[in-house]
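Down below is the structure, laid out as structure tokens.
Residue numbers (this note's numbering): 8 to 105.
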């Protein structure tokens with residue numbers, strides 16, 4: 008949400024497949040390069056576009072979230088078609104049977 012301009016779109020979808028539940032958040036925000044998408048979950052990493060924006064940050068949030076998700080047996084992925092083309096973040100966690 009932080010990097011999607013006013014008038015942009017944010018779409019949230021929920022799915023379950025096999026033993027995993029997933030939440031995908033897709034936006035029309037600043038997007039990122041393939042190299043940036045490989046580094047985005049690194050500690051203290053911020054993309055060039057994020058550093059040039061008026062948005063403050065230290066690049067630690069996605070790192071922490073990713074570690075928490077991994078500790079619960081899940082994974083966090085990102086996809087972007089490039090700068091200016093938005094991003095999709097997908098969080099997947101295992102379903103537990105009762």
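Yeah, the Cβ is synthetic: ideal placement off N, Cα and C, and Gly gets one too.
To the nearest angstrom, how far is the alpha carbon of residue i from that of residue j?
i          : j           : result
residue 93 : residue 103 : 32 Å
residue 44 : residue 23  : 24 Å
residue 42 : residue 78  : 25 Å
residue 37 : residue 26  : 33 Å
Since I believe residue j is in contact with residue i (beta carbons under 8 Å), could you give me their beta-carbon distance rounded to a whole number of angstroms?
i          : j          : result
residue 35 : residue 66 : Not a contact, Cβ separation roughly 22 Å.
residue 95 : residue 86 : 5 Å
Would you say the beta carbon of residue i is closer than 8 Å to some non-hydrogen atom of the ligand SAM?
i          : result
residue 16 : The ligand SAM is not part of this structure, which contains no ligands at all.
Which partner residues of residue i appear in the DSSP bridge assignment?
i          : result
residue 19 : 32
residue 27 : 24, 101
residue 96 : 32, 85
Kindly list the residues whose CB is nearer than 8 Å to the CB of residue i, restricted to its own chain and excluding five residues on each side of it in sequence; keep chain order.
i          : result
residue 50 : 66, 67, 70
Excluding the five sequence neighbours on either side, which residues of its own chain have a C-beta within less than 6 Å of the C-beta of residue i, listed in chain order?
i          : result
residue 18 : 33
Report all residues from its chain with a CB closer than 7 Å to the CB of residue i; omit the five preceding and five following residues, and keep chain order.
i          : result
residue 20 : 31
residue 72 : 83
Specify, as a first and last residue, the run of the alpha helix (DSSP H) that residue i falls within.
i          : result
residue 76 : 68 to 78
residue 44 : 41 to 46
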